[in-house]
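So the structure is just underneath, and the comments pick up after that.
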Amino acid sequence: MTEKRPAVPRPEPGSTDRELTEPLREDIRLLGGILGQIVRKHAGEATFDLVEKARVESFRVRRSEIDRAELEELFRDIDVADAISVIRAFSHFALLANLAEDIHRERRRAIHVRAGDPPQDSSLAATYRKLDSAGLADEQVGKALADATVVPVITAHPTETRRRTVFEVQHRITELMRFAGRTELTPDERNDVNVALNRQILTLWETALIRLERLQIQDEIEVGLRYYDAGFFEVIPRINAELRAWLQQHYPAAGIADDPMLRMGSWIGGDRDGNPFVTGEIVGMATRRAAETAVSHHLSELTLLAQELSLSSRLTAVSDAVLALGGVERGTTDADEPYRKALRAIRARLSATAARLFDDRFVAVNDGGFPPDGADSYADAAQLLADLDLIDVSLRANSDDELADDRLLTLRESVRAFGFHLSGLDMRQNSDTHEEVVAELLAWAGVHPDYLSLDEPQRVEILTAELSNRRPLTGPAAELSELANKELDIVRAAAAAVSAYGPEAVPNYIISMCTSVSDLFEALVLLKESGLFDPGSPDTPPSSSVRVVPLFETIEDLQQGAQTILAALQIPLFRALVDQQGSMQEIMLGYSDSNKDGGYLAANWALYRAELDLVEAAEKAGIRLRLFHGRGGTVGRGGGPSYDAILAQPPGAVQGSLRITEQGEVIAAKYAEPVIARRNLETLLSATIESSLLDTEGLGAEAESAYAVLDELAALARKSYSELVHETPGFVEYFVNSTPLSEIGSLNIGSRPASRKQTEKISDLRAIPWVLSWSQSRVMLPGWYGTGAAFEQWIGDDEHRLETLTHYYEQWPFFRTVMSNMAQVMAKSDMGLAEHYSRLVPDEALREKVFGMITAEHERTTAMYFKITKTDDLLADNPALKRSVFNRFPYLEPLNHLQVELLRRYRGGDDSDLVRRGIQLTMNGLATALRNSG
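Going by my numbering, the sequence shown opens with residue 251, and the numbers climb by one from there.
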């Protein structure tokens, strides 16, 4: 007799949401129950009772049975050690609830697939159906997807710093839950699973969630690399192979290339904008560790492949090329297992390559019993791929396609996607730093004594002249400042990485706060000093394997971006460089600083308008455009569902290519498991392909009038936002005191300082602590403030205007996405909890004024959302998030109350290690529970 978990019902008419989500609640009860018993056993009965009382009282607060003040009083004089136990308990529960929700989403999708339902939007299967229905011509597909590329770029974030041990325990719990959910278990087997779950959750409970020492960039590099073994190595090669096969089969004349459409990028170790800890040594480490990760993976796969392909030449045909690869002659004893011989020879060459690129330790760890033995190394990954292709051709010639399409196919695709470099490391620096360093170099070389005094045309003239000759500005004896030497060390380290691992190792140089042509050219001058930019000659154009990418961040910079890039393209040298790089210019759009500058609605519209202008400019200049979206995890930094966000781009803005940053808790939420990673990577590909080939804007002839309406709304929203953030006296004081901003910078959270400069100006504050602080205090201000006032003022008493916005919500993906994302943020906000944080502000008059403005706008924005969308539910269009908020958010309540209590003590002079650690734990716990808080 077997024991089965309750079957999940199909969504039938009349089925209640509670019936459909019962398996989710069952999983949460199971995991929460195990955690509770562990707390009782290992933290003591008193701690368990306190945790349980906090849980019960939090639910009573949600049901309005008690006032929050009673729960606040529960923690008023709590011992710090007890507080940490409570924080850990609720933080662990949030993590386990995340796992249960992810598994439930998998379960629901599997039910739909088994029932034969149409594939869900944002999956490649759904995209294939849409393309089939669209009747696209091969030529059209080939043009739109020429050089198509989708690149998620992993970036560092202070709340995504989980230790590898915690990461691995999460994975084991997930696998156990999957096994239990898919398998008919006997009672003994069910007991074994529960015992194993208990073991893993106990390990989780007794493992420190955070580090005691300040996080270093080296730690962040390792955190980013762990996602490759967790899922990228398994998923990315398969997706690339399947997508290419489908496109080539359905559009045979489109010329779909074998190059992988999906690749990975990284900023960790190359982004030095405001981070003084990024050095040439760090760039070298980041690129080396990435390369080691890629080559180690290839070596491991070659070992396994050699074990699997045991085919005998007595039983199967084999090509001469494979025999030659293995160094054996046909008919001899040595040729009996030719594929093993060939793969061991390939592995020996790759091991020799590793010996050339890395240190002896790496080779000793990875030789796997197949040392180089004098084998020649590979010059690049293309040579390795060519050898693997010989094996593929031989297998297919003998009708062994099933073998060729297994591990060998995955390895070939891995080499295509990851090469010897793994992922492209972008360099990034602020234009102000470039300006200062280039001024020093020009003065040292005697080109101009005071570059900073020149106007823009004069600067461009001097820089163009320098970029037109090969003479360097410096030499070994140059006496330069610490800053100049540091910047030159970094570009030289990048040049060394390109030389060692290939041009894909460092493909881009991002220029933050780019406002002019000279900002672009100053970066090129630094690249020239390292040899990464070659001015060319009268017979050859200038060239560079590194593309300079302007980052337009503030609303004004976004508005002027198209003019800036057109002005650069009018200079022959830059135009020749762009033509040498495939006539394609990448431009990065900054979601974070534009939001901090002008507020949610104004920033979103400035980005849309900028994309329209840039598309027009690219068409005018006759170049291709690739946009790089600098989105954060939260809506206030451009976050939200990726599929909807990409489809909401204006016509012509995607063109088969997309780069997008991935950061914060969303990295773990999206990529910690192969199943989840595949789903989220498919989302990016599906949206990119659909945006490139199908009409997704839906406005038609209404476009210009809709754009004019949003121009007016954005101006009104920015005015309302600025009145609070930039014009209200004491606002910075309120922000600093009512949020954990100061503690983010002082409690070893992340390697990057909280501000670019040591000032108290909002403009100098980094976007991550700005958004993270408001998220922790549950205000979520960057995701909504100013929008309600804009709607209310624009609509007035005009019903026609209200219906116009309702029409846009129903028909225009951009407007619908803006509204939906805003509603999701507001559903996670809690003005009652925010009021508790506001009491941390000593100035009562300031507190009442600013918090009064915030609550009034929150009420106004909620009311206007209901009017426009004709609903009374912020999450009417997102039932999954609605369930999550309802089921999970009472468990956040104790974390917020304890954070306020510990902040009060810390600021009152108690800076003990336990208080500091408690604050850190609340930050990580809330970030885990909210899932996209920074």
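We put the beta carbon where it would ideally sit given N, CA and C, even for glycine.
Can you tell which of V982, K1011, K1117, T1172 has the C-alpha that lies nearest to the C-alpha of S1088?
V982
Of the choices T790, R797, D863, whose alpha-carbon is the least far from that of L816?
D863
Going by DSSP, name the residue or residues bridged to F878.
M838, R909
Let me check one thing: in DSSP terms, what residues is M1187 bridge-paired to?
Any question about residue 1187 goes unanswered here, given that the chain covers just 251 to 1184.
Could you tell me which whole alpha helix (DSSP H) segments of length 4 or greater appear in the region 305 to 329?
318 to 324
Identify every run of the beta strand (DSSP E) within the region 448 to 512, keeping only runs that are complete inside it and at least 3 residues long; order them along the chain.
none
Compute the distance between the beta-carbons of E783 and V710, then report whether it is under 8 Å.
Residue identity check: residue 783 is Phe in the sequence provided, not Glu. Going by C-beta atoms, F783 is not nearer than 8 Å to V710.
State the start and end residues of the unbroken beta strand (DSSP E) segment that holds R1028.
It is not in any beta strand (DSSP E) - R1028 carries neither H nor E in the DSSP assignment.
Pair every Cβ in the region 572 to 580 with every Cβ in the region 515 to 534, then say whether three or more of these pairs are closer than 8 Å.
no
Could you give the DSSP three-state label for F1064: helix, strand or coil?
helix
Buried or exposed, going by whether 16 or more other CB atoms sit within 10 Å of the CB of S766?
buried
Taking only three categories from DSSP, how would you classify R597?
helix
On the CB-based measure, 16 or more other CB atoms within 10 Å of its CB, does I316 come out buried or exposed?
exposed
Can you look up N845 in the DSSP assignment and give me helix, strand or coil?
helix
Leaving aside the five residues before and after L497 along the sequence, list all residues of the same chain whose C-beta is less than 6 Å from its C-beta, in chain order.
I506
What does DSSP give as the partner residues of N680 in its beta bridges?
S762
Extent of the continuous alpha helix (DSSP H) run through V828
822 to 830
Distance between S372 and F1116 (C-alpha atoms, nearest Å):
27 Å
Status (buried if at least 16 other CB within 10 Å, exposed otherwise) for E1151
buried
How is the alpha helix (DSSP H) around T399 delimited, first residue to last?
From DSSP, T399 is part of no alpha helix (DSSP H) but of the beta strand (DSSP E) over 399 to 404.
Taking 8 Å as the threshold (C-beta atoms), are A744 and M838 in contact?
no
Buried or exposed: where does V615 fall if 16 or more other Cβ atoms within 10 Å of its Cβ makes it buried?
exposed
Between which two residues does the alpha helix (DSSP H) harbouring F1116 extend?
1094 to 1119
Would you identify the three-state DSSP class for R721, choosing helix, strand or coil?
coil
Please work out which residues of its chain come closer than 6 Å, Cβ to Cβ, to R310, disregarding the five sequence neighbours upstream and downstream, and give them in chain order.
I316
Could you check whether L512 and A667 sit closer than 8 Å to each other, using their CB atoms as the reference points?
yes
Residue environment, A1177, which counts as buried when at least 16 other CB atoms sit within 10 Å:
buried
Quickly, what does DSSP pair A797 with across the bridge? List them, please.
Just to set this straight, residue 797 is Arg in the shown sequence, not Ala. Note: R797 sits in a beta bridge opposite N758.
Could you check what DSSP says for L949 in three-state terms: helix, strand or coil?
coil
Among S787, G1082, V568, F1041, which has the Cα closest to the Cα of L966?
F1041
Look at the alpha carbon of N854 and the alpha carbon of G840, and state the distance between them as a whole number of angstroms.
10 Å
Looking only at C-alpha atoms, which of N1146, A956, P1140, A1130 sits nearest to W1062?
A956
What would DSSP say about G1038, mapped onto helix, strand or coil?
helix
What are the start and end residues of the alpha helix (DSSP H) that includes V986?
981 to 988
On a CA-only basis, which of F878, M1076, V925 is nearest H421? Give me that one, please.
V925
Secondary structure of D584, DSSP reduced to three states
helix
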